[in-house]
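Colleague:
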Amino acid sequence: MSVVTVFVTSHNASSERRFDKATTLGELKQRLEPITGIPASTIRLSLYDDNDQFVGPMAGDDDRMLGYFPVADYWRIQCTPGATAAATGPGGSVLAAHHATGAAAAFIPDYNDVSGVEKFEISDAEYASRNDSVRAFKQRHKLGRFAETDPSSDAAQLQTQQLAAWALAAEKITVGNRCELLPAQDSDSDLEPRKRGTVAFIGTTEFKPGVWVGVTLDEPTGKNDGAVDGIRYFQCPAKRGVFVRPTKVAVGDYPERDLFDELDEL
Numbered sequence: 001m002s003v004v005t006v007f008v009t010s011h012n013a014s015s016e017r018r019f020d021k022a023t024t025l026g027e028l029k030q031r032l033e034p035i036t037g038i039p040a041s042t043i044r045l046s047l048y049d050d051n052d053q054f055v056g057p058m059a060g061d062d063d064r065m066l067g068y069f070p071v072a073d074y075w076r077i078q079c080t081p082g083a084t085a086a087a088t089g090p091g092g093s094v095l096a097a098h099h100a101t102g103a104a105a106a107f108i109p110d111y112n113d114v115s116g117v118e119k120f121e122i123s124d125a126e127y128a129s130r131n132d133s134v135r136a137f138k139q140r141h142k143l144g145r146f147a148e149t150d151p152s153s154d155a156a157q158l159q160t161q162q163l164a165a166w167a168l169a170a171e172k173i174t175v176g177n178r179c180e181l182l183p184a185q186d187s188d189s190d191l192e193p194r195k196r197g198t199v200a201f202i203g204t205t206e207f208k209p210g211v212w213v214g215v216t217l218d219e220p221t222g223k224n225d226g227a228v229d230g231i232r233y234f235q236c237p238a239k240r241g242v243f244v245r246p247t248k249v250a251v252g253d254y255p256e257r258d259l260f261d262e263l264d265e266l
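Residues 1 to 266 in UniProt numbering are what the sequence shown spells out, letter by letter.
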């Protein structure tokens, strides 16, 4: 292959890169400089195999190609700073250059080490006294933990959910349906026969929010004649009208009860 994938590592960088084997050492060093932060003129390259065993230094003329070295996919090129004279001086060895750390290394910044960075510090009391801080901004605009708590917010949310439930239940009811009224959850009236009647009204009212169902009862056990507070919603005899929530209405085959049949059962 003319292209090889290698890992490039240095004292503060590690990345996976692809290089053409026709890339010269000079070009390779130039490309590695912005990756490692080591100047191309002082960078020293060492080759490691896929078992991370040292193969040897990658040294020589800058015109020497990457393919000259026995590099293979997923091998590693270690980049270290070194003194130029170590490789070019009389008797200088590339291994000496590989291990050199010299003055050149002292100028290689380690951007991952923040131990020497001077940090801005401020006491909590001083920060609280400032008017240009994020905390002050949130306090002025009542944001985040400084927001005013609305005690009715939960109740309002529950009311919204309840209104939606009533509206959904009302969609299954039609004026003229025979129905039976369900008892309240905290009521003992379930021991008695449930009230039956005919749906006469479905919609909103003036007396309370939400959807209501007006029912004309079969027996005079209601509360009105279809009117509440002077507003008429449907017409029925006195004491035969009642308004209930849609969730308390069961529609279906509920014929009017025969009083004499009930007496016979007794």
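Positions of the beta carbon are idealized from the N, C-alpha and C atoms, including for glycine.
As the structure is a computational prediction, the values presented were derived from the model and not from experiment.
#1: Go to E129, then tell me how far its alpha helix (DSSP H) extends in each direction, as first and last residue.
#2: Enumerate, from N- to C-terminal direction, the unbroken beta strand (DSSP E) stretches of 3 or more residues contained entirely within the stretch 2–81.
#3: May I ask you to report which of helix, strand or coil DSSP gives A136?
#4: If you check the beta carbons only, do I173 and V199 fall under 8 angstroms apart?
#5: Note down the Cα distance separating E171 from N131, rounded to an integer number of angstroms.
#6: So, under 8 angstroms CB-CB, V228 and T204 are touching, yes? Tell me the CB distance rounded to an integer number of Å.
#7: Where does R245 fall in DSSP's three states?
#8: Could you check whether V55 and V4 sit closer than 8 angstroms to each other, using their CB atoms as the reference points?
#9: Evaluate A104 with the Cβ neighbour count: other Cβ atoms within 10 Å of its Cβ, from every protein chain shown; 16 or more gives buried, anything less gives exposed.
#10: Which residues in the same chain as T24 place their Cβ atom closer than 7 angstroms to its Cβ, once the five residues preceding and following it in sequence are excluded?
#11: Mind checking whether T36 and S10 have CB atoms under 8 angstroms apart?
Modeller: Taking the geometry as given:
#1: Position 129 of the sequence shown holds residue 129. Position check: residue 129 holds Ser in this sequence, whereas Glu was assumed. Where S129 is concerned, the enclosing alpha helix (DSSP H) stretches over D124 to S129.
#2: 3–9, 14–20, 43–48, 54–57 and 75–81
#3: Position 136 of the sequence shown, counting from 1, holds the residue named residue 136. Three-state DSSP puts A136 in a helix.
#4: Taking the first residue of the sequence shown as position 1, residue 173 is located at position 173. Taking the first residue of the sequence shown as position 1, residue 199 is located at position 199. Closer than 8 angstroms, so yes.
#5: As a first step, residue 171 must be located in the sequence shown, where it is residue number 171. As a first step, residue 131 must be located in the sequence shown, where it is residue number 131. Answer to the nearest angstrom: the Cα atoms are 55 angstroms apart.
#6: Against the sequence shown, residue 228 aligns to sequence position 228. Against the sequence shown, residue 204 aligns to sequence position 204. Going by Cβ atoms, the distance from V228 to T204 rounds to 12 angstroms, so no, they are not a contact pair.
#7: Locating residue 245 in the sequence shown gives position 245, counting from the first residue. In this structure, R245 counts as coil in the three-state DSSP scheme.
#8: Indexing the sequence shown from 1 puts residue 4 at position 4. Indexing the sequence shown from 1 puts residue 55 at position 55. No, they are not a contact pair.
#9: Counting from 1 along the sequence shown, the entry for residue 104 is found at position 104. Confidence is the limiting factor: at A104 the pLDDT is only 45, short of 50, which leaves the residue's position unreliable and the question unanswerable from this model.
#10: Mapped onto the sequence shown, residue 24 falls at position 24. Result list for T24: D62, D63, R64 and M65, in chain order.
#11: Reading the sequence shown from its first residue, position 36 is the one you call residue 36. Reading the sequence shown from its first residue, position 10 is the one you call residue 10. Result yes, Cβ atoms of T36 and S10 sit closer than 8 angstroms.
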